[in-house]
Amino acid sequence: MAKSMPAIALKGLTKSFGTTKAVDNLNLEIGQGEFFSMLGPSGSGKTTVLRMIAGFEYPTSGTVALAGQDVTNLAPFDRDVNTVFQDYALFNHLSVFENIEYGLKVRKISKAERTERVNEALRTVRLADFGDRKPAQLSGGQRQRIALARAIVVKPKVLLLDEPLGALDLKLREQMQIELKQIQRELGITFIFVTHDQEEALTLSDRIAVFNNGRIEQLGTPQELYEKPASEFVAGFVGTSNIFSAEQAQVLFGKKTKVALRPEKIEVVTRGGNQARVIEVIYLGSFIRLILDVQGIQIKATVDSGVFHRDQTVQIKMNVTDLVAL
Amino acid sequence: MVNAVGKAEVERPSLAHRISTTLYSKPKLRLRLLLSAPVTWLGLVYIAALLALLVTAFFTVDSFTGEIKPGFSLQNFTDLFTNSLYSTVTLRTIGIALGVTIVDVLIALPIAFYMAKIASPRTRGILLISILMPLWASYLVKAYAWRSVLSNVGIAAWLLRPIGLDTPGYSLLGAGITLGYLWLPYVILPIYASLEKVPSNLLEASSDLGAKTFTTLRKVVFPLILPGIVAGSIFSFSLTLGDYITINIVGGASQMLGNLVYGNVGVANNLPMAAAIALVPVVIMFGYLTAVRKTGALDNL
Numbered sequence: 016m017a018k019s020m021p022a023i024a025l026k027g028l029t030k031s032f033g034t035t036k037a038v039d040n041l042n043l044e045i046g047q048g049e050f051f052s053m054l055g056p057s058g059s060g061k062t063t064v065l066r067m068i069a070g071f072e073y074p075t076s077g078t079v080a081l082a083g084q085d086v087t088n089l090a091p092f093d094r095d096v097n098t099v100f101q102d103y104a105l106f107n108h109l110s111v112f113e114n115i116e117y118g119l120k121v122r123k124i125s126k127a128e129r130t131e132r133v134n135e136a137l138r139t140v141r142l143a144d145f146g147d148r149k150p151a152q153l154s155g156g157q158r159q160r161i162a163l164a165r166a167i168v169v170k171p172k173v174l175l176l177d178e179p180l181g182a183l184d185l186k187l188r189e190q191m192q193i194e195l196k197q198i199q200r201e202l203g204i205t206f207i208f209v210t211h212d213q214e215e216a217l218t219l220s221d222r223i224a225v226f227n228n229g230r231i232e233q234l235g236t237p238q239e240l241y242e243k244p245a246s247e248f249v250a251g252f253v254g255t256s257n258i259f260s261a262e263q264a265q266v267l268f269g270k271k272t273k274v275a276l277r278p279e280k281i282e283v284v285t286r287g288g289n290q291a292r293v294i295e296v297i298y299l300g301s302f303i304r305l306i307l308d309v310q311g312i313q314i315k316a317t318v319d320s321g322v323f324h325r326d327q328t329v330q331i332k333m334n335v336t337d338l339v340a341l
Numbered sequence: 022m023v024n025a026v027g028k029a030e031v032e033r034p035s036l037a038h039r040i041s042t043t044l045y046s047k048p049k050l051r052l053r054l055l056l057s058a059p060v061t062w063l064g065l066v067y068i069a070a071l072l073a074l075l076v077t078a079f080f081t082v083d084s085f086t087g088e089i090k091p092g093f094s095l096q097n098f099t100d101l102f103t104n105s106l107y108s109t110v111t112l113r114t115i116g117i118a119l120g121v122t123i124v125d126v127l128i129a130l131p132i133a134f135y136m137a138k139i140a141s142p143r144t145r146g147i148l149l150i151s152i153l154m155p156l157w158a159s160y161l162v163k164a165y166a167w168r169s170v171l172s173n174v175g176i177a178a179w180l181l182r183p184i185g186l187d188t189p190g191y192s193l194l195g196a197g198i199t200l201g202y203l204w205l206p207y208v209i210l211p212i213y214a215s216l217e218k219v220p221s222n223l224l225e226a227s228s229d230l231g232a233k234t235f236t237t238l239r240k241v242v243f244p245l246i247l248p249g250i251v252a253g254s255i256f257s258f259s260l261t262l263g264d265y266i267t268i269n270i271v272g273g274a275s276q277m278l279g280n281l282v283y284g285n286v287g288v289a290n291n292l293p294m295a296a297a298i299a300l301v302p303v304v305i306m307f308g309y310l311t312a313v314r315k316t317g318a319l320d321n322l
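Heads up: the protein sequence lines correspond to chains A and B, in order. With the first sequence counted from 1, adding 15 to any position gets you the numbering used here. With the second sequence counted from 1, adding 21 to any position gets you the numbering used here.
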């Protein structure tokens with residue numbers, strides 16, 4: 016019974032700022048131990064949802080339940096969730112050790128246990144020897160880990176991460192993504208991860224909710240979102256898509272419905288395809304992106320290798336089975 | 022052969038241009054020129070005056086002719102330490118300065134917190150102006166305004182008598198209230214400035230980690246705004262230590278150190294004694310700043 020209880024249940028959650036609805040009648044259940052991402056452009060309401068789960072904002076209407084318990088009106092300090100903030104929000108007047116110790120200290124946990132748990136948390140984030148430093152002496156990536164250690168040391172049921180990797184450079188971000196995933200697996204707690212980076216969401220998540228205008232456009236596994244986007248917004252936001260209007264689809268496929276087609280599903284063939292003119296060749300290392308013109312319609316295609324140049328004519332093959340109706 | 026470009030090359034640059042070039046290529050000269058005026062001012066007017074004060078304190082006055090006799094005598098300091106009048110007034114002055122400072126900090130904290138963290142930008146602007154506005158009025162006008170408030174037929178008496186209290190009148194308490202009012206803006210502003218620099222997400226992080234409001238204030242907010250509190254307290258403490266007008270206007274017969282200095286400069290015509298007394302607040306302030314420095318609060322003022 017308790018096992019099947021969702022870690023988080025949001026019912027009819029609405030948040031209005033003045034006349035604008037930042038979050039509009041949201042219903043969502045997040046399972047225990049799940050790595051759940053809320054993906055969307057800025058202003059889509061994902062951070063507001065996170066802040067309502069943490070208790071920093073109170074919903075205009077609707078409820079927030081943690082492990083079956085209604086916490087809608089509880090203050091942040093009475094909720095069993097912890098947050099990793101976008102800009103880390105470390106206490107600069109305290110050392111790294113004291114930062115991580117903070118949550119244990121206010122819970123009046125004994126000195127011996129505090130020391131043990133802080134050191135364990137430091138080991139978990141692979142910064143065992145950094146306890147004596149001040150946050151200002153650390154790099155961005157290290158501060159990120161301290162923020163993570165500070166949140167996990169109090170053993171919350173749910174960890175909320177608000178664009179935690181946004182301030183890191185690409186290399187570090189990729190490394191931290193792997194570590195986050197590993198730490199989540201080790202701890203077995205629910206992670207709710209807010210990001211506007213669709214690649215990050217696809218890499219990390221068990222499930223993703225795509226947000227737009229305060230609503231969930233689509234909820235599903237990374238694969239479902241990528242392969243079967245439910246709307247034009249999702250098709251455009253998650254990965255790269257060619258989106259053809261009904262008229263364009265009529266011309267290309269003889270079907271008068273709006274469709275999406277992933278660039279990598281398009282093949283360049285030697286004969287028997289549609290005649291296409293190369294408008295632009297973009298070399299991206301592991302693959303090449305071609306911007307093509309087919310009967311006046313612009314199409315993005317991705318190929319692994321080959322030599323292409325502008326104004327070249329190629330043959331491309333688009334399978335009707337790869338089309339996703341929107 | 023002279024074309025437009027060639028002519029421009031031959032033309033000598035203007036004087037201003039040459040000065041600019043010289044200054045640009047000689048940063049040390051630039052720095053010296055920039056600093057010469059303020060350093061001269063500070064050296065002559067400030068340091069030299071302070072040294073003169075220090076030296077004068079060791080002079081004596083011929084009691085017969087009233088002339089200042091240069092020399093080295095510890096008589097003024099012996100008087101200062103043995104005459105009970107001086108120690109009483111010194112302790113009283115420190116007491117008032119401490120009292121005013123503590124009360125001002127206690128009043129300033131919630132106001133500054135409200136302005137920095139709660140008020141809307143509009144309310145914040147209105148509050149800021151209402152705090153700054155009294156600073157535009159003359160100090161004397163404000164002291165006399167309080168004289169009328171505190172008088173036997175003033176607002177304070179009118180408000181307090183119905184509830185069984187009375188106006189503090191012209192007394193040490195009256196002077197303390199007036200001084201507290203006078204220096205409050207100087208205490209609010211640095212605390213407000215330091216509170217504004219405390220990121221709101223630190224408060225959120227603290228409560229997220231389980232700290233109740235009071236714990237957050239004590240463990241996160243207070244350490245971060247301590248420099249601002251210290252800066253504000255330096256203002257109210259040092260301004261009270263040096264005051265002698267307010268106490269004259271609303272203090273009744275009570276005296277503070279400033280009054281003794283004033284008396285010795287004027288009526289008693291004993292400039293060396295006045296210098297010796299004037300060193301007392303200087304020494305107290307020096308001690309206060311040293312103590313504060315040890316807490317590290319001055320590092321990021």
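By construction, the Cβ of each residue, glycine as well, lies at the ideal position given by its N, Cα and C atoms. Quick caveat: nothing in here was measured; it's all calculated off a predicted structure.
One or two residues paired with residue i in a DSSP bridge
i	result
M53(A)	V209(A), A224(A)
E295(A)	I306(A)
V329(A)	A291(A)
L276(A)	N257(A)
N104(B)	DSSP, once it has assigned bridges, lists no residue as partnering N104(B).
E2(A)	With chain A running from 16 to 341 in the structure shown, residue 2(A) is simply not present.
I45(A)	I23(A)
R230(A)	N227(A)
V339(A)	A275(A)
K32(A)	Inspection of the sequence shows that residue 32(A) is occupied by Phe rather than by Lys. Answer by DSSP bridge pairing, in chain order: T35(A).
I312(A)	V309(A)
CB contact check: residue i to chain B, cutoff 8 angstroms
i	result
N88(A)	no
A22(A)	no
G155(A)	no
N97(A)	yes
Y117(A)	yes
R122(A)	yes
F92(A)	yes
R165(A)	yes
I258(A)	no
Own chain, CB closer than 7 angstroms to residue i, minus 5 neighbours either side, in chain order
i	result
L240(A)	I223, V225, Q233, V249, V253
A5(A)	Past the edges of chain A, shown from 16 to 341, lies residue 5(A), and the structure says nothing about it.
L187(A)	G156
L55(B)	none
Short CB-CB distance (under 8 angstroms) between residue i and chain A
i	result
K315(B)	no
I238(B)	Ile is not the amino acid found at residue 238(B); the sequence shown has Leu there. Judged by the 8 angstroms Cβ criterion, L238(B) is not in contact with chain A.
G355(B)	Here chain B comprises residues numbered 22 to 322, so residue 355(B) is not present and cannot be evaluated.
S228(B)	yes
K218(B)	no
K233(B)	yes
L130(B)	no
V241(B)	yes
P244(B)	yes
E225(B)	yes
N222(B)	yes
Check whether residue i and residue j have beta carbons under 8 angstroms apart
i	j	result
G229(A)	G60(A)	yes
L28(A)	G58(A)	no
D147(A)	F100(A)	no
V271(B)	A164(B)	yes
S169(B)	S275(B)	no
Contact set for residue i: own chain, Cβ-Cβ below 8 angstroms, skip 5 residues either direction
i	result
P34(B)	T42
V282(B)	Y265, A295, I298, A299
N285(B)	N291, L292, M294, A295, I298
K90(B)	F80, T81, V82, D83
Contact set for residue i: own chain, Cβ-Cβ below 6 angstroms, skip 5 residues either direction
i	result
S257(B)	V121, T122, D125, W204, V208
I312(A)	Q263
L186(B)	none
T87(A)	T78, V79
F302(A)	T317, D319
T311(B)	none
A17(A)	Any reading at A17(A) is ruled out, since the residue's pLDDT is 46, under 50, leaving its predicted position unreliable.
Any non-hydrogen atom of the ligand PLP closer than 7 angstroms to residue i Cβ
i	result
P74(A)	No copy of the ligand PLP occurs in the structure displayed, which carries no ligand at all.
> Which parts of the stretch 44–94 of chain B are runs of the alpha helix (DSSP H), unbroken and 4 residues or longer, counting only runs that do not cross its ends?
Replying inline: 48–62, 70–77
> Of all the alpha helix (DSSP H) runs that stay within the bounds of the stretch 120–164 of chain A, which reach a length of 4 or more residues?
Replying inline: 126–139
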